[in-house]
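A.B. asks:
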Amino acid sequence: MAISVKNYTNRFVSFAILVVMAIWAALFYAVIMDEVYDNIDDGLKNQKILIIREAYNNPKLIAESKEFGINQFVIREVKNLEEKVDQNAFSKEFIYMPYDEEEEPYRILRTGFYDPSGKPYQLEIRTSTVEEDDFLLNLAISLLVLYVVIVLSILVINHYILGRAWQPFKQILKNLSKYRFGKANSFVSVESPVLEFNDLNNHISQMIDQNEKVFDSQKRFLENAAHELQTPLAVSINKLELLLENSSLNEEDTVRIVEAKRSLQRMVSLNKSLLTLSRINNQQYAGNESVTINAVIADLLNDYEDLIAYKDIRLNFQQDGNFEVLANPDLMQILFSNLISNAIKYNLPAGELRVRIQSDAAIISNTSQDKALNPAYIFERFYKGNQDHNSNGLGLSIVQTILEKYPFLYIQYSYQDNMQVFEIKKV
Amino acid sequence: MKTIFKTLAVVALLTTSMGANAQDKLIDLGQLPKQAQNFIKTYSSKLSVAYVKLEDELFSKKSYEVKMNDGSEFEFDKNGEWKEIDMKRKSIPLSLIPQAIKEYVEKSFPKNNIVKLSRSSSKYEIELSNGLDLVFNSKCKFLRIDD
Amino acid sequence: MKVLIVEDELALQAGIRDFLIAEKFLIETASTYMEALDKVMNYPYDCVLLDIMLPGGSGMDVLKEMRVNQIKSPVLILSAKDSVEDKVAGLEIGADDYLAKPFHFAELLARLKSIIRRNAQDGEQLLHYKNVSLNPELREVKIDGNPLVLNRKEYDLFYYFMLRPNKLQEKSTLAETVWGDHADQADNLDFIYSQIKNLRKKLKTARADCDLQAVYGVGYKLI
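Chains as they are written, first to last, in my numbering: chain A, 890 to 1316; chain B, 214 to 360; chain C, 15 to 237.
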């Protein structure tokens, strides 16, 4: 799942900071702890020297210091003569304090010395480290808070700074979504102080310009082709019309001229269909609006009213819902015109035409002289059933080309109850 | 890569072989440098020598260790000059102790004797009878208590 | 009635000219942008048939020039471009109507007459033939002064006959002009025949002196 670029970079930043700060905080804590205990130990060592000096000044001290009293040290006779009695040994111990009724942390120095007569004595000095331990605990908590604050600040600052920095990019994306092919000025350029975004903007503008040029030139080509194709046809048809004005023509000649004219008219119709197809393919039917298919179909049925009455077709028009689509209204008109026209053309005399509209589908069914059609063929260009020489075979092809533009619509053909059924459905 | 491995192997081999050569070995009193022998005669004439050890390590200078039969130890450098005197809780002959050091001890640690004395090119170290170690610079100025 | 035909395709120009002369119009022609501009700026016309694609410029620019300079001659644009945008653009610039090529002369005539009628100051706008009168503005048909009720398509059909009495109206032309896009079906199924049949019955019932005569099976004539 893709996430915003800000959050993406934030992830890495905060992970990196997590690691770096954790390592730093751990090292820092270790160093401080080391220092704190070094201080305590130095204090104990100093005390040792003072005690030894005093022991030499005042030999009674040795006898008076058999228990921990106000003086936090004891001097004991050494039972076994060990080689090195004056080695310093430090340790951390919890000692039960009756006045507090709980165990408290202490730092203890165990060492020894010799009295003036050379007799060895054990010396144990201790000091309470409650304060220091508290200090270390507070330090740890402070470091944690510091870490959290730093990480949060970085995330927040990042969020705002990156937000601002990426603003031009977001604007470019927004403008790009507003761009409509065929409308050259629908992409608004975005200026920004960021080199890469300007590059992006310029490249997009250039690309759009290129596309527009191609589109324009194709459009002009199509229009010119239309003109070049239609003009000779128009001339020929008009000349034939003038010829028909001549009332001295006999029947044979008149019929020939009329047939020639009708052939040319079929060519005109074919040209128009091909041009429509080309224009659709060239994205010349842009501009989507909300189109109510119900209205489109109702208008068409109205137009075809005469033909329907003439063929004695029973029309059943049922609207179960509002079928609305976001599409080009002209294309929708062409789409359904083709379908309904087919439904009438290929219908039986005194046959049936059923048009049903639901909120997500339009279903057109008609009775027909044909049995089930082959969906693989009927959408092919120029396919004509029953050698219908009046149809140019492009109708369903146009329908399909239009549907290709709208991925949320699709067509479904079926043969049910002896009726040809074409459904336009929303995905 | 192959050359590096070869070189390392050679170095390792040499080191171990040289190390094998560096051993402590016992020698006769007569093999001590003259100066050392004189020193012993002067300051411990009443005692007899228990053993004399020659120390010859790979990366340190040759030195001699002499143990007397009352337990005291003397260490001499390769020229026979004394390096360390350890009387094992008995006081060192006062004449051996530099004056400044003696004065300091009397002032700061009265009633204390010096039971061990060692010297090097940069400092003097003494151990007092109470067990504390003191460090002086080469000019016998007090530096610190080594605890 | 004086009409200016602006069209660079000479064969087409000649065809329109011949047809309109037969319909009793006075015709002038222009084949290029400069010619067209020159003529419209200096002479008034009852209608200008204006092609868009001209050598030397666009027919749209001729139209723009006319309107900017307050030349009031009505304009009927003839164009091979059949797109809605072009139609809308033309009408917005000030054209009175837009006819896409290829067109039937019958339709050209109907549009032309409609434009002229709309712009004419003087009175008589009705079409008469025998005892039938047709009022295009009101879309009313009267036989001997009595209104004849026709539905939309019947009226359109009859109107084309009344425009050119005694002239052959070919079936497919009628189908295309009256039923437009659905012409391909209309013509094939003798649909026109049944429409004509209904019309004839109504005319007869209303005691019209005219009738619609079938000609060789290819069309009909108002007689």
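For every residue, glycine included, the Cβ atom is placed at its ideal position computed from N, Cα and C.
Only a predicted model underlies this, so the values are computations on that prediction, with no experimental measurement involved.
Report yes if the C-beta distance between residue 1298 of chain A and residue 1216 of chain A is below 9 angstroms; otherwise report no.
C.D. replies: yes
A.B. asks: Report yes or no: is there a C-beta of chain B within less than 9 angstroms of the C-beta of residue 911 of chain A?
C.D. replies: no
A.B. asks: When you compare each of A/1113, A/1064, A/1177 to residue 1090 of chain A by their alpha carbons, which one comes out closest?
C.D. replies: Looking at the Cα atoms, A/1064 is the closest of the given residues.
A.B. asks: For a contact defined as C-beta to C-beta under 8 angstroms, what are the partners of residue 945 of chain A on chain B?
C.D. replies: Under the 8 angstroms cutoff, chain B gives 322, 323, 324, 325, 343.
A.B. asks: Is the CB of residue 116 of chain C under 9 angstroms away from at least one CB in chain A?
C.D. replies: yes
A.B. asks: Residue 892 of chain A to residue 898 of chain A, Cα distance in whole Å?
C.D. replies: Each residue's alpha carbon lies about 10 angstroms from the other.
A.B. asks: Less than 9 angstroms between CB atoms is the rule here; does residue 1150 of chain A satisfy it with respect to chain C?
C.D. replies: yes
A.B. asks: Given that residue 951 of chain A touches chain B, what residues does it touch there, using C-beta distances under 8 angstroms?
C.D. replies: What residue 951 of chain A touches in chain B: nothing, since even the nearest Cβ is about 12 angstroms away.
A.B. asks: Are the beta-carbon atoms of residue 1244 of chain A and residue 1205 of chain A separated by less than 9 angstroms?
C.D. replies: yes
A.B. asks: Closest by CA to residue 233 of chain C, which one among A/1113, A/1078, A/1232, A/1136?
C.D. replies: A/1136
A.B. asks: Within 9 angstroms (strictly less), CB to CB, does residue 942 of chain A reach chain B?
C.D. replies: yes
A.B. asks: Of the choices A/1251, A/997, A/1083, whose alpha-carbon is the least far from that of residue 927 of chain A?
C.D. replies: A/997
A.B. asks: Taking Cβ-Cβ distances shorter than 8 angstroms, what residues in chain A pair up with residue 26 of chain C?
C.D. replies: 1120, 1123, 1124, 1127
A.B. asks: Between residue 306 of chain B and residue 353 of chain B, which are expected to be in contact by the criterion C-beta below 8 angstroms, what is the C-beta distance as a whole number of angstroms?
C.D. replies: 17 angstroms between Cβ atoms; not a contact.
A.B. asks: Under 7 angstroms, CB to CB, which of the residues in the segment 985-1016 of chain A have a partner in chain B?
C.D. replies: 1001, 1002, 1003, 1005, 1007
A.B. asks: Please report the residue range of the alpha helix (DSSP H) in which residue 74 of chain C lies.
C.D. replies: 73-82
A.B. asks: State yes or no: is the beta carbon of residue 299 of chain B nearer than 9 angstroms to at least one beta carbon in chain A?
C.D. replies: no
A.B. asks: Distance, Cα to Cα, residue 228 of chain C vs residue 218 of chain C?
C.D. replies: Spanning the alpha carbons of residue 228 of chain C and residue 218 of chain C requires a straight line of approximately 16 angstroms.
A.B. asks: If you draw a straight line from the C-alpha of residue 329 of chain B to the C-alpha of residue 237 of chain B, how long is it?
C.D. replies: 23 angstroms
A.B. asks: Given a cut-off of 9 angstroms, decide if residue 26 of chain C and residue 1127 of chain A are closer than it, judged by their beta-carbon atoms.
C.D. replies: yes
A.B. asks: Along the segment 286-311 of chain B, where does the CB come closer than 9 angstroms to a CB of chain F? Name the residues.
C.D. replies: Annotation note: the requested chain F is absent from the structure, which comprises protein chains A, B and C.
A.B. asks: Using the C-alpha atoms, what's the distance from residue 314 of chain B back to residue 343 of chain B?
C.D. replies: Each residue's Cα considered, the two are about 16 angstroms apart.
A.B. asks: If you follow the alpha helix (DSSP H) that residue 1288 of chain A is in, where does it begin and where does it stop?
C.D. replies: 1284-1293
A.B. asks: Using 9 angstroms as the threshold, is the C-beta distance between residue 65 of chain C and residue 91 of chain C below it?
C.D. replies: yes
A.B. asks: Apart from the five residues just before and just after residue 1075 of chain A, which ones in its own chain have a Cβ nearer than 8 angstroms to its Cβ?
C.D. replies: 1067, 1068, 1069
A.B. asks: Does the segment 1022-1029 of chain A come close enough to the segment 907-921 of chain A to have 3 or more Cβ pairs within less than 8 angstroms?
C.D. replies: Output reads yes: the segment 907-921 of chain A touches the segment 1022-1029 of chain A.
A.B. asks: Where residue 241 of chain B and residue 254 of chain B are concerned, what is the direct C-alpha to C-alpha distance, given to the nearest angstrom?
C.D. replies: 15 angstroms
A.B. asks: Which complete alpha helix (DSSP H) runs does the segment 244-285 of chain B hold, if anything under 4 residues is left out?
C.D. replies: 247-256
A.B. asks: Considering only C-alpha positions, which residue in the set C/105, C/188, C/74 is nearest to residue 262 of chain C?
C.D. replies: The structure shown does not extend to residue 262 of chain C, since chain C is modelled only from 15 through 237, so no value can be given for it.
A.B. asks: Got a sec: does the ligand NAP put a non-hydrogen atom nearer than 8 angstroms to the Cβ of residue 23 of chain C?
C.D. replies: This structure does not include the ligand NAP; it has no bound ligands of any sort.
A.B. asks: Do you know offhand how far residue 914 of chain A's Cα is from residue 1046 of chain A's?
C.D. replies: 22 angstroms
A.B. asks: Tell me the residue span of the alpha helix (DSSP H) that contains residue 1019 of chain A.
C.D. replies: 1019-1067
A.B. asks: Buried or exposed, going by whether 16 or more other CB atoms sit within 10 Å of the CB of residue 1287 of chain A?
C.D. replies: buried
A.B. asks: Using a Cβ-Cβ distance under 9 angstroms, would residue 1178 of chain A count as near chain C?
C.D. replies: No, residue 1178 of chain A lies away from the interface with chain C (no Cβ there is under 9 angstroms from its Cβ).
A.B. asks: Can you confirm whether residue 360 of chain B, when its beta carbon is compared against all beta carbons of chain A, has any partner nearer than 9 angstroms?
C.D. replies: yes
A.B. asks: Does DSSP put residue 161 of chain C in a helix, a strand or coil?
C.D. replies: strand
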